[in-house]
Amino acid sequence: MVGAWAWGTRSGSAVGVAVGAVFIAVLASAFAVSQWPRSLIAPPWLDWFAVWLLVGGVCLAALIIDRSVHPLSPRRAAWKPAAAQVRWAASVATLATVVLLCSCGLGLVAADGDGSLRFPARDEEILPLPTSLRLLSVETCADGGSSGNCTAEFVVTAADGADRTTTVTRLVEHLRSRGWPLQPEPGAYASYRETGGILNWTAHHMWLYAEAEPASALRSARPLDAVVIYIDNL
Numbered sequence: 028m029v030g031a032w033a034w035g036t037r038s039g040s041a042v043g044v045a046v047g048a049v050f051i052a053v054l055a056s057a058f059a060v061s062q063w064p065r066s067l068i069a070p071p072w073l074d075w076f077a078v079w080l081l082v083g084g085v086c087l088a089a090l091i092i093d094r095s096v097h098p099l100s101p102r103r104a105a106w107k108p109a110a111a112q113v114r115w116a117a118s119v120a121t122l123a124t125v126v127l128l129c130s131c132g133l134g135l136v137a138a139d140g141d142g143s144l145r146f147p148a149r150d151e152e153i154l155p156l157p158t159s160l161r162l163l164s165v166e167t168c169a170d171g172g173s174s175g176n177c178t179a180e181f182v183v184t185a186a187d188g189a190d191r192t193t194t195v196t197r198l199v200e201h202l203r204s205r206g207w208p209l210q211p212e213p214g215a216y217a218s219y220r221e222t223g224g225i226l227n228w229t230a231h232h233m234w235l236y237a238e239a240e241p242a243s244a245l246r247s248a249r250p251l252d253a254v255v256i257y258i259d260n261l
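Under our numbering, think of the first position of the sequence shown as 28, with each following residue one higher.
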C-alpha cells in the first residue's frame with residue numbers, strides 16, 4: 028500500500044517518502060494497539076489487518092488528489108508520458124483492490140445483526156490447564172447459528188480421578204486466574220469477558236454447570252464426572 032503510493036505520486040520522491048513514512052507509522056501503531064497485552068481477550072489478526080486495508084483506502088484517495096494537484100508537467104510529458112501514466116494507473120489499480128477488500132469487510136459488519144464482528148472461542152482462552160486437570164476434547168463450534176455465532180465446548184476432567192465437585196472448584200480457580208471473572212449462579216458459574224483490539228468485536232460468554240450436566244446438554248460419550256466449559260460469542 029505504501030509502496031504503491033510512493034511509486035505513483037507526482038509530488039516528488041521527498042514527499043512520497045515522507046508521506047509513506049507517515050503511513051507506515053499508522054500501520055505500525057494499528058498493529059501495536061491491536062496486539063497490546065491487556066486483560067481482555069486478544070482479537071484475531073483481522074483486527075489490525077482491517078485497519079491496514081483502511082489505510083490503503085486513504086492512500087488511494089491521496090493518490091487521486093495528488094494527480095489533480097500535480098498534473099504531469101510539460102517537461103516530463105515530453106519524454107516519459109507513457110511511463111508516468113502506467114505508474115499512476117498501476118498504483119491506483121493496486122490501491123483500488125485494497126479499497127474493494129475494505130468494502131467487503133464493511134459489508135460483513137453491516138450484515139451482522141448488531142453491527143459487531145464475531146470470532147469463535149480459541150484454546151488459549153482457557154489453556155494451559157494446571158496439572159490437576161486434563162482436557163478431553165475441544166469443539167470450537169459445537170453449536171451455532173447465523174452471523175458467525177458459535178458455542179465452543181471444552182470437556183475437562185480431573186487428572187487424578189477426583190470427583191466432579193473438586194473438578195469444578197479447580198476449574199473455577201484456574202479460569203479466574205486466566206482473567207475470567209466467574210460468578211456463582213443457580214447451579215452454574217458464568218461471566219462475560221470483553222475483547223480487545225480496534226474493531227467492534229463481541230464479548231465472549233463463558234459458563235459451566237456446578238452440578239450434573241442437564242439432560243439436554245449431556246452427551247453419552249462424555250464421562251459422567253467430566254465438566255464442560257461453554258464459551259459463546261453471541
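Note that the Cβ used here is the ideal one computed from N, Cα and C, for glycine as well.
Note that the structure is a prediction, hence the values are computed from the model and not measured.
Worksheet item: Over what stretch of residues does the alpha helix (DSSP H) that includes residue 192 continue unbroken?
Response: The residue given as residue 192 occupies position 165 in the sequence shown. Per DSSP, residue 192 belongs to the alpha helix (DSSP H) from 191 to 204.
Worksheet item: Hey, quick one: how far does the beta strand (DSSP E) through residue 258 stretch, first residue to last?
Response: Taking the sequence shown and counting its residues from 1, one reaches residue 258 at position 231. Its beta strand (DSSP E) spans residues 254 to 259.
Practice prompt. Could you tell me the distance, in whole angstroms, from the CA atom of residue 161 to the CA atom of residue 44?
Written response: Reading the sequence shown from its first residue, position 134 is the one you call residue 161. Reading the sequence shown from its first residue, position 17 is the one you call residue 44. When rounded, the distance between both Cα atoms is 54 Å.
Worksheet item: Does DSSP put residue 158 in a helix, a strand or coil?
Response: Taking the first residue of the sequence shown as 1, we reach residue 158 at position 131. Correct three-state label for residue 158: coil.
Worksheet item: What residue range is occupied by the uninterrupted beta strand (DSSP E) comprising residue 272?
Response: The chain is shown from 28 up to 261; residue 272 falls before or after that span and cannot be answered.
Item to complete: Give me the Cβ distance between residue 181 and residue 71, rounded to the nearest whole Å; I'm assuming they're in contact under 8 Å.
Response: The residue given as residue 181 occupies position 154 in the sequence shown. The residue given as residue 71 occupies position 44 in the sequence shown. With 8 Å as the limit, residue 181 and residue 71 do not qualify as a contact, their Cβ atoms being about 19 Å apart.
Discussion item. Just verifying my parser: in three-state terms, what is the DSSP assignment at residue 68?
Written reply: Locating residue 68 in the sequence shown gives position 41, where the first residue counts as 1. Looking at residue 68 - three-state DSSP - the assignment turns out to be strand.
Worksheet item: Which value, in whole angstroms, describes the spacing of the CA atoms of residue 152 and residue 202?
Response: Start at 1 with the first residue of the sequence shown, and residue 152 comes out as number 125. Start at 1 with the first residue of the sequence shown, and residue 202 comes out as number 175. Cα to Cα, the separation comes out at about 9 Å.
Worksheet item: Between the beta-carbon of residue 183 and the beta-carbon of residue 254, is there less than 7 Å?
Response: To locate residue 183, count along the sequence shown from 1; it is residue 156. To locate residue 254, count along the sequence shown from 1; it is residue 227. In contact: residue 183 and residue 254 (Cβ atoms closer than 7 Å).
Discussion item. Quick check on DSSP: helix, strand or coil for residue 74?
Written reply: The count along the sequence shown starts at 1 and reaches residue 74 at position 47. DSSP places residue 74 in helix when its eight states are reduced to three.
Worksheet item: What residues are listed by DSSP as bridge partners for residue 220?
Response: Start at 1 with the first residue of the sequence shown, and residue 220 comes out as number 193. In DSSP, residue 220 forms a bridge with 231.
Worksheet item: Going by DSSP, which residues form a beta bridge with residue 164?
Response: Locating residue 164 in the sequence shown gives position 137, counting from the first residue. DSSP, once it has assigned bridges, lists 182 as partnering residue 164.
Worksheet entry | CB-CB length for residue 66 against residue 74, believed under 8 Å | The sequence position of residue 66 within the sequence shown is 39, counting from 1. The sequence position of residue 74 within the sequence shown is 47, counting from 1. Their Cβ separation, rounded to whole angstroms, is 17 Å, which puts residue 66 and residue 74 out of contact at 8 Å.
Fill in: Per-residue DSSP class, three states only, for residue 150
Locating residue 150 in the sequence shown gives position 123, counting from the first residue. If DSSP states are grouped into helix, strand and coil, residue 150 belongs with the helices.
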